[in-house]
Ligand SMILES: Cc1cc2nc3c(=O)[nH]c(=O)nc-3n(C[C@H](O)[C@H](O)[C@H](O)COP(=O)(O)OP(=O)(O)OC[C@H]3O[C@@H](n4cnc5c(N)ncnc54)[C@H](O)[C@@H]3O)c2cc1C
């Protein structure tokens, strides 16, 4: 069976590896002119690492990334309000969480695929399907036909648009700046996400490899907000004065050209993830806000389960296989999307009373409840 995948992001590449290991013929098409190590950092949490372990690529991810031991939410002075103890997670689920440069992760995943299956410069325009297969049409005028097609083409998926038309995105109320810094933290195994006194203000520095740190900063803004004069660096320097000096000093040293700025959206819940011979996964199916750090991890989980369902039931109609895959994933992705959105709203509590109330709420959550929530997300097998 020939399966085409649209999108060579974390979801598409992991799906390609999982299907290749099961003996399917695969091709991956990506709009980017080349897969170059661009972008900032990401945390691949224990659930994704458990999948990578089964796919045989966990060690390569550890080799390129940075194993974490704890992730704290703190107040604006970096005093811990809540903590995920990653050493406990590792002892419970077998794998810790790892921070890594996105480009490095993409290169690791590519190494687990045979030569000649990933095609770049192929932006999907639309697709048609009939009883015997799916034809994908690309903007460069070429096309390709397969038995099945998987849309792993992200938040603004052209695959999704082809089968379901336009679907609404939901603005998170947050805008976000990200980038990479040449920096070595004193405690590279710890992540402190500092929540400010104004609504939605959050900043973190995350070591992704020796001498390389990923930063992000969010705040509550209307969609479309721009730093005055387009000077991200000056704006961030000024806003980060609300936190310990390290943040403004470190992030203020970044060049404007190396700072990515995006508004954050999730996807309103789709009625279904598949139609005929076409199925969606990752952000294309259930994009979430990043407040739980789970978007890519959920794409990795999708990849695993989709490959398992396809391999187990090759005789069944695609619709049936895809509907079982969707059924196996819905409860968890709904939980992640909704919980993440709610955390974003909680972070918006600001002002002299609001932030104190919010911080007290975070601090008073019993460890047992935290662990229950963490287990619900990190439990994989
Ligand atoms: C600020 C921020 C921080 C985040 N932090 C984390 C984190 O720590 N941990 C985590 O798990 N998740 C995190 N996420 C979420 C994560 O980035 C996404 O969930 C993840 O990248 C989704 O993977 P994907 O493969 O589904 O889609 P994408 O990564 O978006 O990949 C889609 C691919 O499809 C290609 N493509 C798009 N359109 C077309 C087309 N028409 N034709 C062909 N190819 C196309 C693109 O070039 C891209 O390569 C974060 C997100 C944000 C915004």
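Residue numbers (my numbering): 47 to 427.
Heads up, the beta-carbon is just placed ideally off N, CA and C, and yes, glycines get one too.
Residue i beta carbon near ligand 1 (any heavy atom closer than 6 Å)
| i | result |
| --- | --- |
| residue 199 | yes |
| residue 343 | yes |
| residue 96 | no |
| residue 352 | no |
| residue 144 | no |
| residue 453 | The structure shown does not extend to residue 453, since the chain is modelled only from 47 to 427, so the question has no answer here. |
| residue 153 | no |
| residue 340 | yes |
| residue 398 | no |
| residue 305 | no |
| residue 52 | yes |
| residue 250 | no |
| residue 190 | no |
| residue 187 | no |
| residue 76 | yes |
| residue 234 | no |
| residue 329 | yes |
| residue 69 | no |
| residue 209 | no |
| residue 88 | yes |
| residue 149 | no |
| residue 173 | no |
| residue 204 | yes |
Whole-angstrom C-beta distance between residue j and residue i, which should lie under 8 Å
| i | j | result |
| --- | --- | --- |
| residue 83 | residue 166 | In fact, because the Cβ distance is near 14 Å, the residues do not count as touching under 8 Å. |
| residue 352 | residue 61 | 6 Å |
| residue 58 | residue 198 | 4 Å |
| residue 297 | residue 263 | 7 Å |
| residue 146 | residue 342 | Not a contact, Cβ separation roughly 10 Å. |
| residue 311 | residue 216 | 6 Å |
| residue 86 | residue 225 | 6 Å |
Same chain, Cβ closer than 8 Å to residue i, neighbours up to 5 away in sequence not counted
| i | result |
| --- | --- |
| residue 276 | 302 |
| residue 239 | 117, 118, 119, 120, 248, 249, 250 |
Minimum C-alpha distance to residue i - residue among the options
| i | options | result |
| --- | --- | --- |
| residue 98 | 382, 130, 144 | 144 |
| residue 158 | 100, 177, 178 | 100 |
| residue 123 | 402, 425, 175, 308 | 402 |
| residue 340 | 320, 382, 356 | 382 |
| residue 369 | 318, 261, 190 | 318 |
| residue 39 | 150, 355, 335 | The shown model of the chain, from 47 to 427, leaves out residue 39, and the question about it has no answer. |
| residue 316 | 103, 235, 191, 379 | 379 |
| residue 154 | 110, 161, 191, 195 | 110 |
| residue 195 | 173, 212, 282, 156 | 173 |
| residue 180 | 406, 367, 350, 47 | 47 |
Same chain, Cβ closer than 7 Å to residue i, five either side skipped, listed in chain order
| i | result |
| --- | --- |
| residue 72 | 49, 51, 62, 65, 66, 163 |
| residue 424 | 91, 92, 93, 135, 139 |
| residue 209 | 321, 324 |
Contacts around residue i, its chain only, beta-carbon distance under 6 Å, and the 5 residues preceding and following it disregarded
| i | result |
| --- | --- |
| residue 221 | 267, 271, 309 |
| residue 75 | 52, 165, 168 |
| residue 293 | 249, 286 |
Meets three-Cβ-pair contact criterion under 8 Å: the stretch 109-120 and the stretch 351-360: no
Mind the definition here: the stretch 194-213 touches the stretch 321-333 only if three or more C-beta pairs lie below 8 Å; say whether that holds. yes
Would the stretch 86-93 and the stretch 365-374 be scored as touching if the rule is three or more Cβ pairs under 8 Å? no
Stretch-stretch touch, CB-based, cutoff 8 Å, three pairs: the stretch 412-422 with the stretch 120-136: Counting Cβ pairs under 8 Å, three or more are found: they touch.
Do three or more CB pairs link the stretch 241-255 to the stretch 284-300 at distances below 8 Å? yes
Per the contact definition of three or more C-beta pairs closer than 8 Å, is the stretch 218-234 in contact with the stretch 253-262? yes
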